[in-house]
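Visitor: Handing you a structure now.
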Amino acid sequence: MALNLDAANRAALVRLLQPVFATQDQRRALVELALGWDSPALATIDWSGEAQVFTVRLVGVLADFGEVAPGQQALVAVLATLRERLGADRQAEIDDLLDALAGARQREVARAQAASVGAGFEALSRLVGSPEIAALLRRYQSDFEGARSKVGTIGHYKALHDGFQALEDLYAVLNGRRQRLAEHADDWDMLALESGDLGDAVAALLAEGADARFAAQDAPVMSLLRRGSDTVAAAAAARRLDQLESGLMSLQRAINLGLAGFNDKLLAAAGELPLTRLNEAMAGLRGSLVSLPGVDPAVPARVDAAAAAMDALARQLVVLVQAHGQSQDLDDELRRVATTFVLQHDIGEVRNAWEDIKALAAPLHAGEGEAAAPGLARIREEQARVDGALDGQDEARIEEMFRRYRSRFAAYFRALDKQLLDLCAQIESIDEPLGLLLGRLT
Numbered sequence: 017m018a019l020n021l022d023a024a025n026r027a028a029l030v031r032l033l034q035p036v037f038a039t040q041d042q043r044r045a046l047v048e049l050a051l052g053w054d055s056p057a058l059a060t061i062d063w064s065g066e067a068q069v070f071t072v073r074l075v076g077v078l079a080d081f082g083e084v085a086p087g088q089q090a091l092v093a094v095l096a097t098l099r100e101r102l103g104a105d106r107q108a109e110i111d112d113l114l115d116a117l118a119g120a121r122q123r124e125v126a127r128a129q130a131a132s133v134g135a136g137f138e139a140l141s142r143l144v145g146s147p148e149i150a151a152l153l154r155r156y157q158s159d160f161e162g163a164r165s166k167v168g169t170i171g172h173y174k175a176l177h178d179g180f181q182a183l184e185d186l187y188a189v190l191n192g193r194r195q196r197l198a199e200h201a202d203d204w205d206m207l208a209l210e211s212g213d214l215g216d217a218v219a220a221l222l223a224e225g226a227d228a229r230f231a232a233q234d235a236p237v238m239s240l241l242r243r244g245s246d247t248v249a250a251a252a253a254a255r256r257l258d259q260l261e262s263g264l265m266s267l268q269r270a271i272n273l274g275l276a277g278f279n280d281k282l283l284a285a286a287g288e289l290p291l292t293r294l295n296e297a298m299a300g301l302r303g304s305l306v307s308l309p310g311v312d313p314a315v316p317a318r319v320d321a322a323a324a325a326m327d328a329l330a331r332q333l334v335v336l337v338q339a340h341g342q343s344q345d346l347d348d349e350l351r352r353v354a355t356t357f358v359l360q361h362d363i364g365e366v367r368n369a370w371e372d373i374k375a376l377a378a379p380l381h382a383g384e385g386e387a388a389a390p391g392l393a394r395i396r397e398e399q400a401r402v403d404g405a406l407d408g409q410d411e412a413r414i415e416e417m418f419r420r421y422r423s424r425f426a427a428y429f430r431a432l433d434k435q436l437l438d439l440c441a442q443i444e445s446i447d448e449p450l451g452l453l454l455g456r457l458t
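Each residue of the sequence shown is one higher than the one before, counting from 17 in the numbering used here.
Structure representation (structure tokens):
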């Protein structure tokens, strides 16, 4: 499977590789060592051109080529080989990029699995015209309906989570504008325009929040959000700074409550998604379809592939939800310690809490955290550095190592959160073909 690179990862790869590809000899030496002297990928490479032109072309060629060995992407092999030749700072940069590429690979796999599940439902929906097959499908109708209900819940809370994340950016713009108003009165005109953008974004979120299935649960946050947005708009029209500050406070509180609350609800819905039962239903259908006369042999095969993909999605979802819960506990403690340190300027809080922090991290390292999102190996390295610093008495080094540990963990947690949100998006994509099947059954 080809590696689908986003613009940021593609640019980072070119920036890292270009300096070591000045000559054709350098290019061949590194790439042939990384891929193997007899790799068929080598035949696809044009070694000519200026360093930048060659590097951009190579990144595209190797991304399209995909794997040079099972589970080993060609680009990852080149990066891993380059890493061995560089110093610690550049190695850390490559580690971050390797983690990003691993995450991209996981997303590609999940996308393909969700597509396979959707194809299975589409194949089944085309057979509903047969009374025998319709009766067979109705045996599992409640399983299909239960799964679709949870998929809908996931879609709702993911939409709200994404919308509130976008509101954070708008809030930052508006708050920055507020801070300049005392010296730049003309900024009120820009603020009026930006408050209109805020109103549009909030209106879209309020429409999503009006879904009758969830409106009662979402109402408190949505009410606060509406109040904040209306107050900001009124303040911009009246040019009242005190009113603007009040509106922004309400808006910030709504964003904080919304992000935390909707993320929790998204996680809960993901944890309750009956993918295992749905997988069992698909497997049962496949077995029955094989014995029915007149069924195209390709249909049971497609349903079988959908069941296998559903099983893989279910297992990955369990891993992600579990790792996210474990990471959330650790993140809460790291935030508490960091806040206490900032307020009291006392490194003793790091000493006092460090064993508790390691205990909270232990389930991640012992479980499948690395399968959820890459980066745990680097966190273990930073943990060892904090241990070493705490053995000494250099408070500046303890502070530095703790900050590095927290930064590395924060990067892992962000990657984990992205993997979970992306997986939920892929699961949400099966709603349409599943809905088509249920619609033809009723």
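Glycine included, C-beta positions come from ideal geometry on N, C-alpha and C. Nothing here was measured: the structure is a model prediction, and the numbers come from that model.
1. Classify T169 as buried or exposed, calling it buried when 16 or more other Cβ atoms lie within 10 Å of its own Cβ.
2. With H, G and I counted as helix, E and B as strand and the rest as coil, what does DSSP make of Q409?
3. Just to check my reading of the structure: F180 and L74 have Cβ atoms closer than 8 angstroms, yes? What is that Cβ distance to the nearest angstrom?
4. Consult DSSP for E100 and reduce its assignment to one of helix, strand or coil.
5. Roughly how many angstroms lie between the CA atoms of R255 and G87, to the nearest whole one?
6. Mapping DSSP to helix, strand and coil, what is V30?
7. Give the straight-line distance between the Cα atoms of Q409 and L392, rounded to the nearest whole angstrom.
8. Measure the C-alpha to C-alpha separation of I271 and E365 and round it to an integer number of angstroms.
9. Label T247 either buried or exposed according to how many other C-beta atoms from any shown protein chain fall within 10 Å of its C-beta, with 16 as the threshold for buried.
10. Thinking C-beta only, is A321 closer than 9 angstroms to A27?
11. Put A18 into one of helix, strand or coil per three-state DSSP.
12. Once the 5 residues before and after L452 are set aside, which same chain residues still bring their CB inside 6 angstroms of it?
13. If you follow the alpha helix (DSSP H) that A270 is in, where does it begin and where does it stop?
14. To the nearest angstrom, how far is the alpha carbon of V218 from that of D178?
15. Apply the 10 Å Cβ neighbour rule to R430 and answer buried if 16 or more other Cβ atoms are within range, or exposed otherwise.
16. At the level of alpha carbons, what is the spacing between D115 and I414?
17. Considering Cα atoms alone, identify which of S165, A198, A59 and T355 is closest to D447.
18. Classify M265 as buried or exposed, calling it buried when 16 or more other Cβ atoms lie within 10 Å of its own Cβ.
19. Shortest alpha-carbon distance to R394 belongs to which of R424, R123 and K281?
20. Measure from the alpha carbon of R269 to the alpha carbon of each residue in Q344, A426 and S245, then state which is nearest.
21. Locate the alpha helix (DSSP H) running through V167, then write down its first and last residues.
22. So which of N191, A67 and A323 has the shortest CA-CA distance to A208?
23. Going by other Cβ atoms of all chains shown within 10 Å of its Cβ, with 16 needed for buried, is Q195 buried or exposed?
24. Compare the C-alpha of A323 against each of L95, A297, V311 and A67 and name the closest.
25. If distances are taken between C-alpha atoms only, which option among A252, R106 and L222 comes closest to R242?
26. In chain order, what residues of the same chain have a beta carbon less than 8 angstroms from the beta carbon of Q157, not counting five sequence neighbours either side?
27. Please confirm whether L51 and A79 have their CB atoms less than 9 angstroms apart.
28. Please determine, among M326, F81 and L439, the residue with the shortest C-alpha to C-alpha distance to S132.
29. Mind checking who Q88 pairs with in its DSSP beta bridge?
30. With distances taken from CA atoms, which of G76, R44, F70 and P290 is nearest N25?
31. Quick one: residues in its chain with C-beta nearer than 7 angstroms to the C-beta of F418, no 5 flanking neighbours on either side, listed in chain order?
32. Return the chain-ordered list of same chain residues with a C-beta closer than 7 angstroms to the C-beta of P56, the five sequence neighbours on each side being excluded.
33. Determine the contact status of E459 and A175, defining contact as a CB-CB distance below 9 angstroms.
34. Excluding five sequence neighbours on each side, which residues of the same chain lie with their C-beta closer than 7 angstroms to the C-beta of E288?
35. Does the beta-carbon distance from L439 to L329 come in below 9 angstroms?
36. Tell me which same chain residues have a C-beta within less than 6 angstroms of the C-beta of L21, skipping the five on either side of it?
Guide: Taking the coordinates as given:
1. buried
2. coil
3. Between L74 and F180 the Cβ distance is about 40 angstroms, and since that is not below 8 angstroms, they are no contact.
4. coil
5. 59 angstroms
6. helix
7. 27 angstroms
8. 30 angstroms
9. buried
10. no
11. coil
12. S141
13. L257 to E288
14. 12 angstroms
15. exposed
16. 26 angstroms
17. S165
18. exposed
19. R424
20. S245
21. Q157 to R196
22. N191
23. exposed
24. A297
25. L222
26. L454 and L457
27. no
28. M326
29. A85
30. G76
31. V366 and V402
32. none
33. With the chain covering 17 to 458 only, the question about residue 459 has no answer from this structure.
34. K166
35. yes
36. A79
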